[in-house]
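The numbers in the working numbering rise by one with no breaks, and the one at position 24 of the sequence shown is 50.
C-beta atoms are modelled at their ideal positions from N, C-alpha and C, and glycine is treated no differently.
In this text the structure is predicted, and so the values were computed from the model without any measurement.
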Amino acid sequence: MNRNVADQLVVFDAVQSCPYLPGRTARLPLRWPRKRLTPAQLDDCLAAGDRRTGFYLYNTSCPKCRACEPIRLDVARFEPRRTQRRIMRRGDREIRVEVGEPVVDETRVAIFNKHRNLRRLAGTDGDIDIGEYRSFLVDTACETIELTYWVGLRMLGAAICDRGATSLSAVYCFFDPDFSAFSPGTFSVLKQVELCRQWELEYLYLGYYVADSEHMAYKANYRPHQRLVNGKWQWFNS
Numbered sequence: 027m028n029r030n031v032a033d034q035l036v037v038f039d040a041v042q043s044c045p046y047l048p049g050r051t052a053r054l055p056l057r058w059p060r061k062r063l064t065p066a067q068l069d070d071c072l073a074a075g076d077r078r079t080g081f082y083l084y085n086t087s088c089p090k091c092r093a094c095e096p097i098r099l100d101v102a103r104f105e106p107r108r109t110q111r112r113i114m115r116r117g118d119r120e121i122r123v124e125v126g127e128p129v130v131d132e133t134r135v136a137i138f139n140k141h142r143n144l145r146r147l148a149g150t151d152g153d154i155d156i157g158e159y160r161s162f163l164v165d166t167a168c169e170t171i172e173l174t175y176w177v178g179l180r181m182l183g184a185a186i187c188d189r190g191a192t193s194l195s196a197v198y199c200f201f202d203p204d205f206s207a208f209s210p211g212t213f214s215v216l217k218q219v220e221l222c223r224q225w226e227l228e229y230l231y232l233g234y235y236v237a238d239s240e241h242m243a244y245k246a247n248y249r250p251h252q253r254l255v256n257g258k259w260q261w262f263n264s
């Protein structure tokens, strides 16, 4: 595995408040790839547990905590549960999905902020503006796509994903809480699995699983899955 670390510049490396577990500290060094990542390089980064925000990659280097576990689905072996299949069937009937390049506009920013505020994800940060949205989700170091979800002419939400040679990485998903009855977060993951199969990709990376985080623990509901524990990808089916 080669992440080409020599071609990456560490631009931030300091202890900070943990974004996932209140009252804890975290160390998430930001690395700037000097060159755009090839699909194969992105695969290597994801397999090593890396995540992306804007132009930067990061990984956990917390001195006293190992709660964050990268999680991925082997799409050939993943089997949706009954409730997930029900969500998929309803979504396929009523939601239109479009795939394209990431877009920045007021509609997306408004839905992003509404989702973050009503689900208590903003903390004390407040709303983001168009520039912050662009730097977080649209500026990228690799091939990035956007899935948008629509009910009629109204946008329900969007998902930003990175595409490697053999994998897809779910960077961020947000949706209008007015449409919560559709379980759009679950529907989005299932559509990404479907996209992986259409494109003959092997893995869908879901970010970090954090057992004690109300916003991160749900990822274990997708089974079977693999989690990166002590440097090795291990299977979990319960």
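- Per DSSP, reduced to three states, the secondary structure at Ile-137 is helical.
- With fewer than 16 neighbouring CB atoms inside 10 Å of its own CB, Gly-126 falls in the exposed class.
- The stretch 110 to 127 makes contact with the stretch 207 to 225: 3 or more CB pairs, one atom from each, lie closer than 8 Å.
- For Phe-200, the closest of Trp-176, Ala-184 and Ser-206 by C-alpha to C-alpha distance is Ala-184.
- Look at the stretch 34 to 93 and you find these whole runs of beta strand (DSSP E), each 3 residues long or longer: 34 to 38, 41 to 43, 51 to 53, 56 to 59, 77 to 79 and 82 to 84.
- The continuous beta strand (DSSP E) containing Ile-186 extends over residues 180 to 189.
- When DSSP states are grouped into helix, strand and coil, Ile-97 belongs to the strand group.
- Rounded to the nearest whole angstrom, the C-alpha separation of Ser-206 and Asn-139 is 15 Å.
- Tyr-229 sits close to Arg-98, with the two beta carbons spaced by under 7 Å.
- For Ala-167 and Arg-62, the gap between their C-alpha atoms comes out near 5 Å.
- Looking at Val-177, Ala-246, Val-164 and Met-181, the one whose alpha-carbon comes closest to that of Cys-187 is Val-164.
- Contact between the stretch 236 to 250 and the stretch 78 to 98 is present: 3 or more CB-CB pairs across the two stretches fall below 8 Å.
- Looking from the CA of Val-255, the closest CA among Thr-86, Ala-66 and Glu-132 belongs to Thr-86.
- Membership of Ser-195 in the beta strand (DSSP E) is indicated by the continuous run 193 to 201.
- Exposed is the label assigned to Leu-144, since fewer than 16 other Cβ atoms lie within 10 Å of its Cβ.
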